[in-house]
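Asks:
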Amino acid sequence: MSQSSTLAALATGLANGSIEVVDLTSPLSAATPVIALPPEFGQTARFELQEISRYDDRGPVWYWNNFRSGEHTGTHLDAPIHWITGKDLHDVASIPAGRLIAQAVVLDFSAEAGKDADFLVEVDHIRAWEAEHGPLPAGGWLLLRTGWDARSGSEQAFLNADENGPHTPGLSPECARWLARESPVIGLGVETVGTDAGRAHSFDPAFPCHSYLLGSGKYGLTQLRNLAALPPTGSVVIAGPLPIVTGSGAPARVLALVER
Ligand code: MN
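Just so we're aligned, residue 164 is where the sequence shown starts under the numbering used here, counting upward by one.
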């Protein structure tokens, strides 16, 4: 099949609904939950809109806004340069465009995370998944379903912090190391506020997903939703971060193509 007929088949599938587009992106507003670091560190900004004009004397027939946002606010992509382990690697604008479209697999740990907010995925969990579904995709995404998107309407429930810090699911340090250095994936996508588990500040190394994955030139995708609408294998993810020159990451529209 020639390239042109492949794209024609894709366009036909999109038009007739045999290929569904699933939006994995959380809406961006001032209510979008943002990560909170301990108070001695700098903090990321919430998303804010500032109206320039709305069909009024500031602009009689047009409406537009300025916006302010952290790079890591809402659904966003972490570029390798975000972490010190990847400081000489790509910033978000330098990631080759061809790497922003890739197949994806979804590993569902929503039952485990529902019982234990601090649930950690281990290498053996992924090996068991591979025994059923086949190997992780080379150059594709591992998307981690935990059911956390159901909490995104409440920052308190989403961050799930107590006096000891946040409690959200993620990967064990060894699993993060394995995913970064031994698995063929391009990155890790999660439903939580960051790619690391809530307790990862006290792991060794601290924040192992950030440390190992970004240090290996891989990527993170966060605050995804609607992963329940994706099959375990066979979807294609299109992740479009804003190309912020020198940026450490950027809000992204993340879409998945799914055959129905
Ligand atoms: Mn981030």
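Quick reminder that beta carbons are idealized off the backbone N, C-alpha and C, glycines included.
Which of helix, strand or coil does DSSP assign to Val348?
Replies: Reading the sequence shown from its first residue, position 185 is the one you call residue 348. Coil.
Asks: What did DSSP end up calling Thr409 once you bin it into helix, strand or coil?
Replies: Residue numbering aside, residue 409 sits at position 246 when the sequence shown is read from its first letter. Three-state result, Thr409: coil.
Asks: Rounded to whole angstroms, what is the Cα-Cα separation between His330 and Lys381?
Replies: Walking along the sequence shown from the start, residue 330 turns up at place 167. Walking along the sequence shown from the start, residue 381 turns up at place 218. Their Cα atoms are separated by approximately 25 Å.
Asks: Considering only the alpha carbon of each residue, which of Ser398, Ala415, Gly403 and Leu405 lies closest to Val268?
Replies: On the sequence shown, position 105 is the one that residue 268 refers to. Considering only alpha carbons, the answer is Ser398.
Asks: By alpha-carbon positions, which one of Ile349, Leu384 and Ser346 ends up nearest to Asp359?
Replies: Position 196 of the sequence shown holds residue 359. The residue with the shortest Cα to Cα distance from Asp359 is Leu384.
Asks: Let me know if Phe282 comes out buried or exposed under the rule of 16 or more other beta-carbons within 10 Å of its beta-carbon.
Replies: Residue numbering aside, residue 282 sits at position 119 when the sequence shown is read from its first letter. Flag for Phe282 reads buried.
Asks: DSSP three-state label for Trp341, please.
Replies: On the sequence shown, residue 341 is found 178 positions in, with the first residue counted as 1. DSSP places Trp341 in helix when its eight states are reduced to three.
Asks: Would you decide whether Tyr375 is buried or exposed? Buried here means 16 or more other CB atoms lie within 10 Å of its CB.
Replies: Your numbering for residue 375 matches position 212 in the sequence shown. Counting Cβ neighbours within 10 Å, Tyr375 comes out buried, since at least 16 surround it.
Asks: Terminal residues of the continuous beta strand (DSSP E) containing Gly383?
Replies: Counting from one through the sequence shown, the residue named residue 383 turns up at place 220. First-last of the beta strand (DSSP E) with Gly383: Tyr382 to Leu384.
Asks: Just to confirm before moving on: does the CB-CB distance between Leu191 and Ser216 stay below 9 Å?
Replies: Numbered from its first residue, the sequence shown carries residue 191 at position 28. Numbered from its first residue, the sequence shown carries residue 216 at position 53. No; because the gap between Cβ atoms is not below 9 Å, this pair is not in contact.
Asks: Indicate, with yes or no, if ligand 1 has a heavy atom lying under 8 Å from the CB of His239.
Replies: Start at 1 with the first residue of the sequence shown, and residue 239 comes out as number 76. Yes, Cβ of His239 sits closer than 8 Å to a heavy atom of ligand 1.
Asks: Quick check on the burial criterion: 16 or more other C-beta atoms within 10 angstroms. Buried or exposed for Asp312?
Replies: On the sequence shown, position 149 is the one that residue 312 refers to. It counts as buried.
Asks: Secondary structure at Asn179, three-state DSSP: helix, strand or coil?
Replies: The residue labelled residue 179 in the question sits at position 16 within the sequence shown. Residue state, collapsed to three classes: helix.
Asks: I'd like to check one pair, Leu351 with Leu307: are the Cβ atoms closer than 9 Å?
Replies: The residue given as residue 307 occupies position 144 in the sequence shown. The residue given as residue 351 occupies position 188 in the sequence shown. Result yes, Cβ atoms of Leu307 and Leu351 sit closer than 9 Å.
Asks: CA-CA distance, Asp219 and Tyr226?
Replies: Stepping through the sequence shown from its first residue, residue 219 is reached at position 56. Stepping through the sequence shown from its first residue, residue 226 is reached at position 63. Roughly 9 Å separates the two Cα atoms.
Asks: Would you mind sorting Ala294 into buried or exposed? The rule is 16 or more other CB atoms within 10 Å of its CB.
Replies: Mapped onto the sequence shown, residue 294 falls at position 131. Looking at its Cβ environment, which holds fewer than 16 other Cβ atoms inside 10 Å, Ala294 is exposed.
Asks: For Ile349 versus Arg290, is the C-beta distance shorter than 9 Å?
Replies: Position 186 of the sequence shown holds residue 349. Position 127 of the sequence shown holds residue 290. No, the Cβ-Cβ distance between Ile349 and Arg290 is not below 9 Å.
Asks: Taking the alpha helix (DSSP H) that Gly277 falls in, what are its first and last residues?
Replies: If you number the sequence shown from 1, residue 277 lands on position 114. Residues Ser273 to Lys278.
Asks: Quick one, which of Ala208, Asn179 and Ala199 has its alpha-carbon nearest Pro414's?
Replies: For the purposes of this step, residue 414 is identified with residue 251 of the sequence shown, where counting begins at 1. The shortest C-alpha separation from Pro414 is found at Ala208.
Asks: Indicate, with yes or no, if ligand 1 has a heavy atom lying under 8 Å from the CB of His253.
Replies: Position 90 of the sequence shown, counted from the start, is the residue given in the question as residue 253. Result no, Cβ not under 8 Å from ligand 1.
Asks: Which same chain residues, not among the five before or five after Gly176, have their C-beta less than 7 Å away from its C-beta?
Replies: In the sequence shown, counting from the first residue as 1, residue 176 sits at position 13. Contacts found: Ile182.
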